[in-house]
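Here's the structure, in C-alpha cells; my notes come after.
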Amino acid sequence: MNNDFNSGVCNRNHFNVNRVLQTIKTFQGKPYRHYCAACFFEAGFLDGAFCRGDLFNSYYGEIKESQGNEFDQRHKDPREAYYKGYELGLAISEHLMYEISQRYPSDFD
Numbered sequence: 721m722n723n724d725f726n727s728g729v730c731n732r733n734h735f736n737v738n739r740v741l742q743t744i745k746t747f748q749g750k751p752y753r754h755y756c757a758a759c760f761f762e763a764g765f766l767d768g769a770f771c772r773g774d775l776f777n778s779y780y781g782e783i784k785e786s787q788g789n790e791f792d793q794r795h796k797d798p799r800e801a802y803y804k805g806y807e808l809g810l811a812i813s814e815h816l817m818y819e820i821s822q823r824y825p826s827d828f829d
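Just so we're aligned: the sequence shown equals residues 721 to 829 in the numbering used here.
Right, here's the structure in full:
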C-alpha cells in the first residue's frame with residue numbers, strides 16, 4: 721500500500737479534490753468516522769481508473785484519519801467519497817478506451 725495512506729493523521733494537501741468534497745454529505749457514524757474522505761476519493765479514483773474493482777473495504781484501517789484542515793473535509797462520508805472517485809475513474813478509463821478504439825480500430829477486432 722502507498723505510504724501516503726498509512727495510519728496516522730492525514731496532512732496531505734487535498735486542494736485538487738476540494739470541490740468534490742463539498743458535495744459529499746457529513747457522516748458521523750462508525751466505523752469510518754474521521755477517516756480522510758479525500759484519501760478515500762483518491763483511492764477510489766485510482767481503483768476505477770485502473771479497473772481494479774471495488775476495494776473500499778481494503779482501505780479501512782489503512783487510510784489516515786482527518787482531523788480537519790483548510791479544506792473543511794472533516795466528517796465527510798469516506799464511503800461516498802470513495803464511490804464518487806471510483807465512478808469518475810471508471811468513466812475516464814472507459815472514455816479513454818473508447819477513444820483509443822476509435823483511433824486504432826484494427827487493434828480492437
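Idealized CB from N, CA, C, for every residue including glycine.
Three-state secondary structure assigned by DSSP to residue i
{"i": "S727", "result": "With a pLDDT of 49 at S727, under the threshold of 50, the predicted position of this residue should be treated as unreliable, though the coordinate-derived value follows. In this structure, S727 counts as coil in the three-state DSSP scheme."}
{"i": "K750", "result": "coil"}
{"i": "R772", "result": "coil"}
{"i": "R823", "result": "helix"}
Whole-angstrom distance between residue j and residue i, CA atom to CA atom
{"i": "N777", "j": "A769", "result": "18 Å"}
{"i": "D724", "j": "I783", "result": "Here D724 scores only 49 on pLDDT, less than 50, and its place in the model should not be relied on; the value that follows carries that caveat. So the alpha carbons of these two residues sit roughly 8 Å apart."}
{"i": "Q822", "j": "L766", "result": "24 Å"}
{"i": "G737", "j": "S786", "result": "Position check: residue 737 holds Val in this sequence, whereas Gly was assumed. So the two alpha carbons sit approximately 14 Å from each other."}
{"i": "L816", "j": "Y824", "result": "12 Å"}
{"i": "E819", "j": "G805", "result": "21 Å"}
For residue i: DSSP bridge partner residues
{"i": "Y755", "result": "E785"}
{"i": "K745", "result": "DSSP, once it has assigned bridges, lists no residue as partnering K745."}
{"i": "K796", "result": "T746"}
Beta-carbon separation (whole angstroms), residue i vs residue j, contact threshold 8 Å
{"i": "Q748", "j": "H795", "result": "6 Å"}
Beta-carbon spacing of residue i, residue j below 7 Å
{"i": "I744", "j": "D797", "result": "yes"}
{"i": "A811", "j": "A757", "result": "no"}
{"i": "A763", "j": "Y779", "result": "yes"}
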